[in-house]
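Residue numbers (our numbering): 1 to 340. Read the structure below first, then the notes.
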């Protein structure tokens, strides 16, 4: 196909074809859905047919960088030397990233925003022709194992990319039945591998993140939920820790509590702590350095960590009538600097 790729993607699709079980050749699909031409053009260049060592069709993938292909784990042999990151070794997500240094693929942008609304999936089959389906993803903004769609799908579609017709970016790859593994989950697993120094895939994860074009990675914190991690990896984190603190133990007996909560801009990014005193205008947000997320003890005892900080700050307030300025607090054997 020699159509010119572009980004003027219309959402005026004929929804008569959405959520039907029927698959189309790419040409037939575009004859029914001309508004999707720009998305299909771009995606068709990045869709990859995955073969085994004998040249037989085993699944699909998508180019996420000129030398990188993303696919689901069961489309690649465990001993394939091209695999530089195996999601199943770090998280509960079954995906692999293949490095092909001699290739120069046409890659597509990615999005961590779940694919709510219309999407197109392109995939190869054993006849090595490309096929297309139109999807409408269910509305679920939270990270989870799946990006469920209402269209029946089949095993041969494994690894096939799904592109949002609103953003022109890939938001999921087909995983099995009607499920798709979200780019959000993949991005989170890679990010957590980077911040786990004990993970043997740390350098590969950093290389992949540097190469990927994620249009809205700053939104990962908004959609982010913990990845279920295996024993030995950084344990899953409970985002948004918050609590209340009564220094004198007189809850319900007239004592006004201190309230505190954790803030972060990305799932694995720098942490902040905001603390306030009920019945007053006292409220301060402290930046925490170094980033505690990189410490394995923090990830196991996150609630205890923030309560320890809040207690120290509250004690200073009780003694002076104000929250302190910059200072250090030792928690779990590490000196943390808090800067308002």
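Ideal Cβ positions, reconstructed from N, Cα and C, are used throughout, including at glycine.
- Our two residues, residue 317 and residue 324, have alpha carbons roughly 7 Å apart in a direct line.
- At a cut-off of 4 residues, the continuous stretches assigned as alpha helix (DSSP H) that sit fully inside the stretch 12-74 are 26-32, 37-46.
- In this model, residue 186 and residue 164 are separated by some 17 Å (Cα to Cα).
- Secondary structure at residue 257: coil, using DSSP grouped into helix, strand and coil.
- Per DSSP, the unbroken alpha helix (DSSP H) holding residue 87 starts and ends at 87-90.
- If you draw a 10 Å sphere on the C-beta of residue 37, you find 16 or more other C-beta atoms in it, and that means buried.
- In the three-state reduction of the DSSP assignment, residue 111 falls in the coil class.
- Put simply, the backbone Cα of residue 290 is about 6 Å away from that of residue 336.
- Looking at the DSSP output, residue 294 shares a beta bridge with no other residue.
- Ranked by Cα distance from residue 104, the first of 306, 60, 134, 46 is 46.
- Secondary structure of residue 326 (DSSP, three-state): coil.
- Here residue 309 is buried: its Cβ has 16 or more other Cβ atoms, across all protein chains shown, within 10 Å.
- Assignment of residue 169 by DSSP, reduced to helix, strand and coil, places it in the coil class.
- With fewer than 16 other Cβ atoms inside 10 Å of its own Cβ, residue 66 counts as exposed.
- For residue 293, the closest alpha carbon among the candidates 315, 194, 160 is that of 194.
- Residue 53 counts as exposed, since fewer than 16 other C-beta atoms from the protein chains shown sit within 10 angstroms of its C-beta.
- Residue 48 and residue 313 have their C-alpha atoms roughly 55 Å apart.
- With three or more CB-CB distances shorter than 8 Å, the stretch 201-219 counts as touching the stretch 106-122.
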